[in-house]
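Undergrad: Residue numbers (my numbering), protein chains in the order written: chain A, 2 to 157; chain B, 2 to 157.
Number of protein chains: 2
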Amino acid sequence: MKKIDQIDRHILQILQSDGRTPYTEIAHQLGVSEGTIRSRIARLLQDGVFEFVIQTNPEKLGVHVQAIIGLTTKLGMQKQVAEQLCKLDEVRFIGAFSGKHDLIIRAWFYDNDELITFVNERLSQIEGIVAADVSLELKQYKDSFSFVRDDEVAIS
Amino acid sequence: MKKIDQIDRHILQILQSDGRTPYTEIAHQLGVSEGTIRSRIARLLQDGVFEFVIQTNPEKLGVHVQAIIGLTTKLGMQKQVAEQLCKLDEVRFIGAFSGKHDLIIRAWFYDNDELITFVNERLSQIEGIVAADVSLELKQYKDSFSFVRDDEVAIS
DNA sequence: AACTTTTTTGCGATTTTCGTAAAAAAGCTA
DNA sequence: TAGCTTTTTTACGAAAATCGCAAAAAAGTT
């Protein structure tokens with residue numbers, strides 16, 4: 002995989018604020034040709050550096066309840082539990098962690114009922130989960146998923 | 002704000018797997034005109050239902066360390082702490098929660114040194130943080146941020 | 001049923017993307 | 001460093017997508 006340079010970072014920075022910016026526009030901003038932007042984006046996608054996606058606003062879709070759940074798993078069953086969890090649409094994040102909990106997941110629900118049902122019926126049926134520590138999200142202050150720091154892009 | 006219907010959900014579902022799908026292509030898949038897709042997307046963006054963004058792969062950008070940190074804040078200072086944290090580029094998620102921790106944040110770093118520096122120098126300088134409980138991410142199984150369940154989109 | 005409002009469609013003009021070959025730049029070797 | 005190879009950028013016509021907007025259709029109201 003080729004090294005990512007300043008031009009690449011600049012492209013990523015522009016796309017993280019609007020993933021649909023035309024290549025011609027990016028080219029104009031960076032002072033290079035459209036073809037350059039095109040081939041670089043193709044390479045970055047090829048190398049799996051980034052993907053074009055959308056970020057939906059949960060509230061606007063009626064998703065009023067989000068939770069972070071710390072899970073304790075039976076020794077040796079962590080991977081298997083994670084794989085089961087991956088299948089669930091309500092679960093948006095799953096990670097293995099050092100610390101109090103073996104797995105930490107983040108999930109979203111239309112309402113409290115759905116959350117309760119999830120914990121009582123869905124989680125309890127997954128073999129290998131020993132304990133679940135639920136934290137209800139009361140307010141979200143920030144949520145981003147693209148990592149190109151402003152100070153890493155030279156101002157041109 | 003207008004109600005979101007099946008066509009809107011279908012549009013969102015397509016865009017969540019490729020945020021750069023041409024409107025003509027979406028129109029073709031749904032059997033409506035390009036103009037319909039265009040006006041609906043304009044409305045959804047207008048209403049703040051979703052945004053076009055990119056998702057970067059942390060590892061590919063040299064971000065090898067991610068952590069979830071549970072924070073305990075001094076009573077009445079939670080909002081103020083959250084606002085300070087928002088300014089930090091390393092912090093990708095901040096939420097207020099019920100449960101053991103008042104705030105839970107997720108942050109990313111190039112290496113362990115940066116994480117240590119973050120906890121010791123950055124966090125410690127924020128007025129109102131009483132305790133920080135760090136969990137290191139060992140492996141990520143899933144991470145998505147668009148909520149349109151497959152079963153909510155009628156197969157056409 | 002008649003009227004109003006909203007949504008969809010159609011289509012030409014404009015803009016963007018795509019394919020590709022030539023030019024330029026960057027690397028490499030002796 | 002000159003000469004050669006590989007990679008990247010540029011240029012530009014063809015194809016495709018987006019845009020602007022007016023007419024038609026559909027949905028909602030009284």
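Even for Gly, the Cβ is constructed at its ideal location relative to N, Cα and C.
Beta-carbon of P59(B) versus every beta-carbon of chain A: anything under 8 Å?
TA: yes
Undergrad: Report the neighbours of V135(A) on chain B: residues whose CB is nearer than 8 Å to its CB, in chain order.
TA: G100
Undergrad: Counting only C-beta atoms, is A83(B) closer than 8 Å to chain A at any point?
TA: yes
Undergrad: Could you check the C-alpha separation between A43(A) and Y111(A) for me, to the nearest Å?
TA: 37 Å
Undergrad: Please name the residue, chosen from W109(B), T118(B), D103(B), that lies closest to I130(B) on a Cα-to-Cα basis.
TA: D103(B)
Undergrad: Tell me whether I117(A) is buried or exposed, calling it buried when 16 or more other Cβ atoms sit within 10 Å of its Cβ.
TA: So I117(A) ends up on the exposed side.
Undergrad: Please classify Q17(B): does DSSP put it in a helix, a strand, or coil?
TA: Here Q17(B) sits in helix by DSSP.
Undergrad: Put S157(A) into one of helix, strand or coil per three-state DSSP.
TA: Summary for S157(A): the model assigns pLDDT 41, below 50, so the residue's position carries little reliability; its value from the coordinates is reported in the next sentence. Three-state DSSP puts S157(A) in coil, outside helix and strand.
Undergrad: Identify the contact partners of F94(B) in chain A, using a Cβ-Cβ distance below 7 Å as the criterion.
TA: K143, D144
Undergrad: Within the continuous beta strand (DSSP E) that includes L72(B), where are the two ends?
TA: 66 to 74
Undergrad: Please state whether DSSP places T57(B) in a helix, a strand or coil.
TA: strand
Undergrad: Quick test of your reading: F53(B) and I55(A), contact by CB under 8 Å. State the CB separation rounded to the nearest angstrom.
TA: 6 Å
Undergrad: Against A97(B), what residues of chain A qualify as contacts under a CB-to-CB distance less than 9 Å, listed in chain order?
TA: E138, L139, K140, Q141, Y142
Undergrad: Give the residues of chain A in contact with V66(B), contact being defined as C-beta atoms less than 9 Å apart.
TA: Neighbours of V66(B) on chain A: none; closest Cβ ~11 Å, over 9 Å.
Undergrad: Would you kindly report the start and end of the unbroken beta strand (DSSP E) that includes S40(B)?
TA: Annotation for S40(B): no beta strand (DSSP E) segment contains it, though the alpha helix (DSSP H) segment containing it runs 35 to 47.
Undergrad: Assuming N58(A) and V154(B) form a contact by the criterion Cβ under 8 Å, report the distance between their Cβ atoms to the nearest whole angstrom.
TA: Between V154(B) and N58(A) the Cβ distance is about 18 Å, and since that is not below 8 Å, they are no contact.
Undergrad: Let me check one thing: in DSSP terms, what residues is E52(A) bridge-paired to?
TA: Q56(B)
Undergrad: When DSSP labels each residue in this structure, what does E122(B) get in the three-state scheme?
TA: Per DSSP, reduced to three states, the secondary structure at E122(B) is helical.
Undergrad: Which residues in chain B have a C-beta closer than 7 Å to the C-beta of E52(A)? List them in chain order.
TA: I55, Q56
Undergrad: Grouping DSSP H, G and I as helix and E and B as strand, with all else coil, what is F94(B)?
TA: strand
Undergrad: Quick one: give me the first and last residue of the alpha helix (DSSP H) that K80(B) is part of.
TA: 79 to 87
Undergrad: Does DSSP put I106(B) in a helix, a strand or coil?
TA: strand
Undergrad: Name the residue from G20(A), S18(A), L139(A) whose alpha carbon lies nearest to the alpha carbon of A83(B).
TA: L139(A)
Undergrad: Could you spell out where the alpha helix (DSSP H) holding Y111(A) opens and where it closes?
TA: Note, Y111(A): premise wrong, no alpha helix (DSSP H); not H, not E.
Undergrad: Checking the sheet assignment: what are the DSSP bridge partners for V131(A)?
TA: DSSP output for V131(A) lists no bridge partner at all.
Undergrad: So S136(A) packs on I95(B), CB below 8 Å; how close in whole Å?
TA: So it is not a contact: roughly 13 Å between Cβ atoms.
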